[in-house]
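Here is the structure we will look at, set down as structure tokens.
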Amino acid sequence: MARWAMAHPCRMQSIEPNVRARKFSLLVGRTACQCCQALIEVGALWLDEFEDLDGQAMDPGGAATLSYMEWLEAKPLAACQGRLPGLRMASTRMSGTTYLANHCLICGSVQGAPFVHGPDGPFWPDADESLAAGIRKFDFAVPLSAVASISQATWMDRVG
Ligand SMILES: [Zn+2]
1092 MARWAMAHPC RMQSIEPNVR ARKFSLLVGR TACQCCQALI EVGALWLDEF EDLDGQAMDP
1152 GGAATLSYME WLEAKPLAAC QGRLPGLRMA STRMSGTTYL ANHCLICGSV QGAPFVHGPD
1212 GPFWPDADES LAAGIRKFDF AVPLSAVASI SQATWMDRVG
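1092 is the number of the first residue of the sequence shown in our numbering; add one for each residue after it.
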């Protein structure tokens, strides 16, 4: 039986991950909280290489960030939260879905993915070099399975 099923015995519905990786990294950037304007750290998951299980990626051999993560295995999630406690599942009214979101540690508000991954956010795929340079990368030798959107961009080659 799959590991998630043992971790979540109450869930009857089977989860089909669409992305899998042998290891992952956490990108940490800074932004102003959407609610209280405090300068906070926000994170996004980064994969140097990954298995694209549903053929979604533009460049399956390249690096990618994950957004709108509807499900993440417990072990990589715990690893992320050790570095970034504000990263946890959130149900957002705007999108009507539950996904892994950054929370402000000052006021507790959700920093929605449209904002964090949007044009003014730190992880926008077209972010210029200076923006990408402000991002720190933390590597975890932890395998990962997830249900998420895969984003890829050329600036990602310069993160390292
Ligand atoms: Zn706040």
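Don't be surprised by glycine CBs; every beta carbon is placed ideally from N, CA and C.
Nothing here was measured: the structure is a model prediction, and the numbers come from that model.
**Report entry** Cβ neighbours of Pro-1213 in the same chain (closer than 6 Å, five flanking residues each side left out)
**Finding:** Leaving aside the five residues that flank Pro-1213 on each side, the residues in its chain whose CB is nearer than 6 Å to its CB run, in chain order, Gly-1120 and Thr-1122.
**Report entry** Check whether Phe-1231 and Leu-1138 have beta carbons under 8 Å apart
**Finding:** Result no, Cβ atoms of Phe-1231 and Leu-1138 do not sit closer than 8 Å.
Query raised in the report: Of all the options Ala-1239, Ala-1112, Phe-1229 and Pro-1151, which has the alpha carbon lying nearest to the alpha carbon of Thr-1188?
Result: If we check each option's Cα against that of Thr-1188, Ala-1239 comes out closest.
Requested in this report: Decide if Pro-1210 is buried, meaning its Cβ has at least 16 other Cβ atoms within 10 Å, or exposed.
Outcome: Pro-1210 comes out exposed.
Query raised in the report: Taking buried to mean at least 16 other C-beta atoms within 10 Å of its own C-beta, is Met-1160 buried or exposed?
Result: It is buried - the Cβ of Met-1160 has at least 16 other Cβ atoms within 10 Å.
Query raised in the report: Closer than 7 Å: is that where the CB of Cys-1171 sits relative to any heavy atom of ligand 1?
Result: Distance from the C-beta of Cys-1171 to the nearest heavy atom of ligand 1 is not below 7 Å.
Report task. Would you give the residue range spanned by the beta strand (DSSP E) that Lys-1114 belongs to? Result -> Premise fails: Lys-1114 is in no beta strand (DSSP E) and is neither H nor E.
Query raised in the report: Apart from the five residues on each side of it in sequence, which residues of its chain come closer than 7 Å, Cβ to Cβ, to Leu-1175?
Result: Once the five neighbours on either side are set aside, the close Cβ partners of Leu-1175 are Leu-1117, Val-1119, Glu-1132 and Gly-1134.
**Report entry** Of the listed residues Ala-1154, Ala-1129 and Glu-1142, nearest to Asn-1109 (C-alpha basis)
**Finding:** When only C-alpha atoms are compared, the closest one is Glu-1142.
**Report entry** Sub-8 Å separation of Leu-1191 and Leu-1163 beta-carbons
**Finding:** The Cβ atoms of Leu-1191 and Leu-1163 sit closer than 8 Å to each other.
Query raised in the report: Arg-1184 by DSSP, collapsed to three states: which one?
Result: DSSP, read as helix, strand or coil, puts Arg-1184 in coil.
Report task. Just jot down, in chain order, the residues whose CB lies closer than 6 Å to any heavy atom of ligand 1. Result -> Put simply, the residues with a CB less than 6 Å from any heavy atom of ligand 1 are Cys-1124, Cys-1126, Cys-1127, Ala-1129, Cys-1195, Ile-1197, Cys-1198 and Ser-1200, in chain order.
Query raised in the report: By Cβ distance below 8 Å, which residues in the same chain neighbour Cys-1198 in space, the five residues on each side in sequence not counted?
Result: Correct list, in chain order: Cys-1124, Cys-1126, Cys-1127 and Ala-1129.
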